[in-house]
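Enquirer: Just passing along the structure, written as structure tokens.
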Amino acid sequence: MKIKKYENKHHNRVIISVLVFTFVIYNYFVYSSGTETLAPKLSIEAIDGQVLWQENNCWTCHQLYGLGGYLGPDLTNITSNPQKGENYIKGFINSGVKSMPKYNFTDEEKNQIIAFLRAVDQTGYFPNYKANLQPNGWVEIDYKSTDSTAQQPNK
Ligand code: HEC
């Protein structure tokens, strides 16, 4: 009896050591793999556009990367859509439609919103059918641009 008790204690220590060790190793890989590319820098113009996007509640009806309200369509990749683009977006902002209010924005403000949407568009695709699940649990996504200057229009 006494010997068994001793063995169990010993096993527990080994198991806990292995768990702590794998936890530390796992965290090392999670936090040391490059996440810098996930946070593109916004230009001043795009930041102003983001403020307009938030203050005018565009997000209550529209989604970016599938997140937001669902009355209107997802706008993640609208600026690079060959059938849409800048004037198309301005048209919607100027006139609205039945279920979207019209906005009396200045030209500068419209350009700011477009700069914001363009910066979002450069970060990737939505939906991203090319996402590739890695054995370590990370999802390797297909970035639109690896050229850092493309993500910083003002630089
Ligand atoms: C009350 C809901 C609502 C709000 C708020 C709203 N929208 Fe919309 N928006 C819509 C709907 C609904 C449509 C789709 C209309 C249609 O296609 O007939 C739309 C369409 C659009 C389109 C065209 C999308 C496409 O792919 O055809 C753009 C661009 C757009 N909205 C931009 C904006 C911006 C920018 C704002 C904020 C300044 C905004 N919307 C605020 C409801 C809204």
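For the sequence shown, numbering that gives the first Met the number 0 begins at 0 and goes up steadily by one.
The C-beta atom is built at its ideal place from N, Cα and C for all residues, glycine as well.
1. Would histidine 61 be called buried (16 or more neighbouring beta carbons within 10 Å of its own) or exposed?
2. With a threshold of 8 Å (Cβ to nearest heavy atom), would lysine 143 be considered close to the ligand HEC?
3. Out of Asn80, Tyr124, Leu51, Leu63, which one is the CA nearest neighbour of phenylalanine 104?
4. Around the C-beta of glutamine 82, are 16 or more other C-beta atoms found within 10 angstroms, so that it is buried, or is it exposed?
5. In this structure, how does DSSP classify leucine 18 when only helix, strand and coil are distinguished?
6. For glycine 136, I'd like the list of residues in its chain whose CB is within less than 8 Å of its CB, leaving aside the five on either flank, ordered along the chain.
7. Looking at leucine 74: is its Cβ nearer than 9 Å to the Cβ of leucine 63?
Expert: The relevant details are as follows:
1. The residue given as residue 61 occupies position 62 in the sequence shown. By the 10 Å Cβ count, histidine 61 comes out buried.
2. In the sequence shown, residue 143 corresponds to position 144, counting from 1. Not under cutoff, so the answer is no.
3. What you label residue 104 is simply residue 105 of the sequence shown in a count that begins at 1. Closest by alpha carbon: Leu51.
4. Residue numbering aside, residue 82 sits at position 83 when the sequence shown is read from its first letter. It counts as exposed.
5. The residue labelled residue 18 in the question sits at position 19 within the sequence shown. Secondary structure of leucine 18 (DSSP, three-state): helix.
6. To locate residue 136, count along the sequence shown from 1; it is residue 137. Once the five neighbours on either side are set aside, glycine 136 has no close Cβ partner at all.
7. Along the sequence shown, one-based indexing puts residue 74 at 75. Along the sequence shown, one-based indexing puts residue 63 at 64. It is a contact, given that the beta carbons lie within the stated cut-off.
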